[in-house]
Amino acid sequence: MSFQRVQEKLNILADAAKYDVSCSSSGSNRTNKNKGLGDASASGICHTYTEDGRCVSLLKILLTNHCIFDCAYCVTRKSNDIKRAAFKVQEVVDLTMNFYRRNYIEGLFLSSGIFKSADYTMERLVAVAKKLRLEENFNGYIHLKSIPGASDELMREAGLYADRLSVNIEIPTEKGLKLLAPDKNRADFIKPMEKVKNEIIQYKSEKKIIRSTPKYAPAGQSTQMIVGASGENDMQIMYTSNYFYKNFNLKRVYYSGYVPISYDTRLPQIGTPVPMLRENRLYQTDWLLRFYGFNIEEILNEQNQSLDLDIDPKLGWALRNMHEFPVDINKADKRMLARIPGLGMKSVFKILNARRYRQLNWDHLKAIGVAFNRAQYFMVCASNQFEKRDLTPEKIKGLILQNSKSKYTSMLSNQLNLFG
Numbered sequence: 001m002s003f004q005r006v007q008e009k010l011n012i013l014a015d016a017a018k019y020d021v022s023c024s025s026s027g028s029n030r031t032n033k034n035k036g037l038g039d040a041s042a043s044g045i046c047h048t049y050t051e052d053g054r055c056v057s058l059l060k061i062l063l064t065n066h067c068i069f070d071c072a073y074c075v076t077r078k079s080n081d082i083k084r085a086a087f088k089v090q091e092v093v094d095l096t097m098n099f100y101r102r103n104y105i106e107g108l109f110l111s112s113g114i115f116k117s118a119d120y121t122m123e124r125l126v127a128v129a130k131k132l133r134l135e136e137n138f139n140g141y142i143h144l145k146s147i148p149g150a151s152d153e154l155m156r157e158a159g160l161y162a163d164r165l166s167v168n169i170e171i172p173t174e175k176g177l178k179l180l181a182p183d184k185n186r187a188d189f190i191k192p193m194e195k196v197k198n199e200i201i202q203y204k205s206e207k208k209i210i211r212s213t214p215k216y217a218p219a220g221q222s223t224q225m226i227v228g229a230s231g232e233n234d235m236q237i238m239y240t241s242n243y244f245y246k247n248f249n250l251k252r253v254y255y256s257g258y259v260p261i262s263y264d265t266r267l268p269q270i271g272t273p274v275p276m277l278r279e280n281r282l283y284q285t286d287w288l289l290r291f292y293g294f295n296i297e298e299i300l301n302e303q304n305q306s307l308d309l310d311i312d313p314k315l316g317w318a319l320r321n322m323h324e325f326p327v328d329i330n331k332a333d334k335r336m337l338a339r340i341p342g343l344g345m346k347s348v349f350k351i352l353n354a355r356r357y358r359q360l361n362w363d364h365l366k367a368i369g370v371a372f373n374r375a376q377y378f379m380v381c382a383s384n385q386f387e388k389r390d391l392t393p394e395k396i397k398g399l400i401l402q403n404s405k406s407k408y409t410s411m412l413s414n415q416l417n418l419f420g
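Counting from 1, one number per residue, gives the positions in the sequence shown under UniProt numbering.
Below you can see the structure in the form of structure tokens.
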């Protein structure tokens, strides 16, 4: 096949893959062996930043944008009049190796539209990873999308060659999925996730006994959901995330704001994209659940079904629970320190370590890196200087916003108009 045709395919299928944000290599420890190519333990993938500040990239493509489904929210739905293309298995292998040798990429993120059947598609995705590992001796990062409804046998094989697997649940609620993708079944999304979870558990158990047990999806599995296509509120979205974190041991849930692409009465109008700030608040809530010890009911419940776009969710919780404050920095446990607005987990651990040697005052906390604009209203330390005025939550919020600077400030007013 001519170079021009391969390049045309690449242009089409790389563009079609841009809507999938669930690509990250964090957690993989596949090292280079037998003088092979690549090293997934050395860096991340997908135009992201490693801990030392390096930006790394991947070849992010679809195997094909042909699809048997007609999901209203998807640009590759079968009724959409777009250019179609499909890679051969060997073409993807060759592209990956050629790009890697030229130092363009450090791994592969491969997804696909579903053509013929789930198993037919998944079999070809697995074939790409298998060829890269066994024939090309490629030890770089590979992220494969799990095709909903794929057989357990294929999911078992996929995890032996891929570092991370992910199946997108697409719409947060089953009701929304039936509205926008009536041909799809939520159970088909659950099946491969359940298989991967069980295989990872089995691998970890066998590894304790047999050190040579083949790795299985060492970077775990993740998922992605579309925000704003079917009208779910923040509470419904985050309760769904919480369910999948707890029941399938996911590494990450990604939130992708829906960008209107069609004149479908079931969808938001073209020109009304989901505010980027809403995505940001969902990710902040996600981190509170995973790293800060919050329960989902504390942040979102029947009384608070939507996140405040003005302030971050931890500050929102603090303002609703002023009876918990002020917190004594020199006496509080890790759980309460982590709940002080303006304190990240790094600051929490620094405080826990530093106070073993002396009582901490404001100067010590500033040196640690505490964000005083928010934190000063919620803590006390070894100092007489403290905000002793009897301030209401509304007043505190106003003072914090008055002295805050955010990259989202300029777009906030326009975004809020979308909810009017």
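All C-beta atoms in this analysis are idealised placements derived from N, C-alpha and C, irrespective of residue type, glycine included.
| query | result |
| --- | --- |
| Throw me the rounded Cβ distance for the I299 and L288 pair, which I believe falls under 8 Å. | 6 Å |
| Tell me whether the stretch 234–252 and the stretch 150–162 touch, counting them as touching only if at least three CB pairs, one residue from each stretch, are closer than 8 Å. | no |
| Could you please give the first and the last residue of the uninterrupted alpha helix (DSSP H) stretch that includes I142? | Per DSSP, I142 belongs to no alpha helix (DSSP H); it is in the beta strand (DSSP E), Y141 to K145. |
| Kindly indicate which three-state DSSP category F291 falls into: helix, strand or coil? | helix |
| Nearest to S112 by alpha carbon, out of G228, G398 and I12? | I12 |
| Which of helix, strand or coil does DSSP assign to N304? | strand |
| Would you call N353 buried or exposed, if buried means 16 or more other Cβ atoms sit within 10 Å of its Cβ? | exposed |
| Taking only beta-carbon positions, decide if A229 is within less than 9 Å of chain B. | The chain inventory of the structure shown lacks chain B, comprising one protein chain alone. |
| Considering only residues of the same chain and omitting the five flanking positions on each side of G27, which have a CB-CB separation below 8 Å? | Low confidence applies here, because G27 scores a pLDDT of 46, under 50, leaving its location unreliable; read the following figure in that light. Only R164, P218, A219, G220 and K251 meet the Cβ criterion. |
| Identify, in the order they occur along the chain, each residue of the same chain with its Cβ nearer than 6 Å to the Cβ of S306, setting aside the five sequence neighbours on each side. | N233 and D234 |
| Could you tell me which uninterrupted beta strand (DSSP E) segments, each at least 3 residues in length, are contained entirely in the stretch 156–204, listed from first to last along the chain? | 164–166 |
| Starting from T96, trace the alpha helix (DSSP H) both ways and give me its first and last residue. | V89 to R101 |
| Bridge partners of R252, per DSSP? | S222 |
| Could you tell me whether the Cβ atoms of L360 and C381 are closer together than 9 Å? | yes |
| Assuming K116 contacts V89 under a Cβ cut-off of 8 Å, what Cβ separation, rounded to an integer in Å, is found between them? | That pair is no contact at about 15 Å. |
| Unbroken beta strand (DSSP E) runs of length 3 or more, entirely within the stretch 99–127: which are they? | 107–111 |
| Can you give me the start and stop residues for the alpha helix (DSSP H) that L352 sits inside? | M345 to A354 |
| Using the rule of at least 16 other Cβ atoms within 10 Å of the residue's Cβ for burial, across every protein chain shown, is E135 buried or exposed? | exposed |
| For S25, is the classification buried or exposed, using 16 other Cβ atoms within 10 angstroms of its Cβ as the cut-off for buried? | The predicted model places S25 with a pLDDT of 46, which falls under 50 and marks its position as unreliable; any figure quoted below should be read in that light. Answer is buried; the Cβ neighbour count reaches 16. |
| Roughly how many whole angstroms lie between the Cα atoms of I68 and A16? | 16 Å |
| Out of I209, V126 and M322, point me to the one whose CA is closest to K397's CA. | M322 |
| Buried or exposed for F291, going by 16 or more other Cβ atoms inside 10 Å? | exposed |
| Could you check whether N249 and I209 sit closer than 9 Å to each other, using their CB atoms as the reference points? | no |
| What is the rounded straight-line gap between the Cα of T285 and the Cα of P313? | 6 Å |
| Bridge partners of T240, per DSSP? | Partner(s): none; T240 has no beta bridge. |
| So, for Q7: in the same chain, excluding its five sequence neighbours on each side, which residues have a beta-carbon less than 7 Å away from its beta-carbon? | none |
| Between the Cα of Q224 and the Cα atoms of E206, K215, G231 and M193, which residue gives the shortest distance? | M193 |
| For L319, report the span of its alpha helix (DSSP H) as first-last. | P313 to R320 |
| If I measure Cβ to Cβ from D152 and keep anything under 7 Å in the same chain, skipping five residues before and after, which residues do I get? | K195 |
| Could you check whether S256 and D20 sit closer than 9 Å to each other, using their CB atoms as the reference points? | yes |
| Drop a sphere of 10 angstroms on the beta-carbon of E123, count the other beta-carbons inside from all chains shown, and report buried for 16 or more, exposed for fewer. | buried |
| How is D15 classed by DSSP in three states: helix, strand or coil? | helix |
| What are the boundary residues of the beta strand (DSSP E) that K60 is part of? | L59 to L62 |
| Quick one: Cα of I107 to Cα of A150, how far? | For the record, residue 107 in the displayed sequence is Gly; it is not Ile. Using only the alpha carbons, I get a separation of about 24 Å. |
| Of the residues I105, F87 and F138, which one's Cα is nearest the Cα of L125? | F87 |
| Just mark F294 as buried or exposed, buried being the case when its beta carbon has 16 or more other beta carbons within 10 Å. | buried |
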